[in-house]
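The block underneath contains the structure these notes are about, expressed in structure tokens.
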Amino acid sequence: MENASDTQPAPGGRRNFLGLVTTATAAAGAGACLWPFLQSLAPRDSAAAHLPVDVDISALPPGQQIVVTWQGKPVFITHRTPEALAVLQDAAQAARLRDGPSHDNQQPPYATNWHRSLDPRYGVVVGICTHLGCVPAYKPLPEGKGEAGWPGGYACPCHGSKFDLAGRVFRGAPAPYNLPVPPYSMPTPTVIRLGENPAGQDFDFSSILQL
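In this note's numbering, the protein residues as written are 10 to 220.
See below:
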């Protein structure tokens, strides 16, 4: 089984590629033309690229995020704070979302809930904007005030799409769908296994509406 996180070493070009993704996504405005370029650097047709990826989240503090690669895609794993979880459940904020109940097929059935994950504390989304494929920036803190205020989450630097910390897109954004949730399981409370559904579940990532 392959282990990977943004702090764990990975062999050869995959290590370099992961470093590029992690650094670039953390920088404000770096997503403008980032993903098509990084995708061209990813290892192609590699059997290892399609194996499940284990991510140790035991050292991930609340309010922080790590970025790992799965099948050549950046995956955002976030430890959501109690305050962030309260915002995700706020009815007024949910009313501002394009698909708050996650009716669109952008996640596995086991992540079709208000937090779009197996464990409410941990968000797991593919970090590719569903508009034109840029990499959104992680901005967990609220911005603005009143009805026009944004409670924080992900902001796409290309055309202004904004998502909450469950990857749900806000109305008025050019992105047509929520950020995809990949198939994953949690074999232990502190390990996320990307690319493998929980026991008894069957979800094919290729069935989502849009990446």
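By construction, the Cβ of each residue, glycine as well, lies at the ideal position given by its N, Cα and C atoms.
In or out: F46 buried (at least 16 other Cβ within 10 Å) or exposed?
For F46, the predicted model reports a pLDDT of 43, less than 50, meaning its position is unreliable; a value from the coordinates is still stated below. Its Cβ having fewer than 16 others within 10 Å, F46 is exposed.
Cutoff 7 Å; reference G155; Cβ partners in own chain excluding five residues on either side
With a pLDDT of 43 at G155, under the threshold of 50, the modelled position of that residue is not reliable, and no figure is offered here.
Check S111 in the structure and name its three-state DSSP category.
coil
Take P118 as the anchor and find which of W79, T87, P192 and R89 has the nearest alpha-carbon.
P192
Determine the direct distance from the alpha carbon of P61 to that of N12, and round the result to whole angstroms.
Its pLDDT being 47, under 50, N12 is placed unreliably in this model, and the value from its coordinates should be taken loosely. Cα-Cα distance, rounded: 9 Å.
Tell me the DSSP bridge mates of P83?
T78
Three-state secondary structure (DSSP) at I217?
coil
Burial state of L5, where buried means 16 or more other Cβ atoms lie within 10 Å
Absent from the model: residue 5. The displayed extent of the chain is 10 to 220, so no value can be given.
In the structure shown, what three-state DSSP assignment does E92 receive?
helix
Considering Cα atoms alone, identify which of P129, G72 and H88 is closest to Q98.
P129
Nearest-angstrom Cα separation, counted from L218 out to P71:
31 Å
Simplified DSSP state of A164, which is helix, strand or coil:
strand
Under the three-state DSSP convention, the category L203 falls into:
strand
Three or more beta-carbon pairs under 8 Å between the region 177-184 and the region 193-207, yes or no?
no
Mind the definition here: the region 141-148 touches the region 88-97 only if three or more C-beta pairs lie below 8 Å; say whether that holds.
no
Residues near E152 in its chain [Cβ-Cβ closer than 6 Å; skip 5 each side]
W159
Counting only the same chain and skipping the five closest in sequence on each side, list residues whose C-beta sits under 8 Å from that of A93.
G72, P149, G161 and L174
Please indicate yes or no: does the CB of T90 lie closer than 7 Å to some heavy atom of the ligand HEM?
Questions concerning the ligand HEM fall outside what the structure shown contains, since it holds no ligand whatsoever.
When the Cα of H168 is compared with those of A95, G142 and V84, which residue comes out closest?
G142
Quick check on L127: does DSSP put it in helix, strand or coil?
coil
Buried or exposed by the 16-neighbour rule on C-beta atoms within 10 Å, applied to S216
exposed
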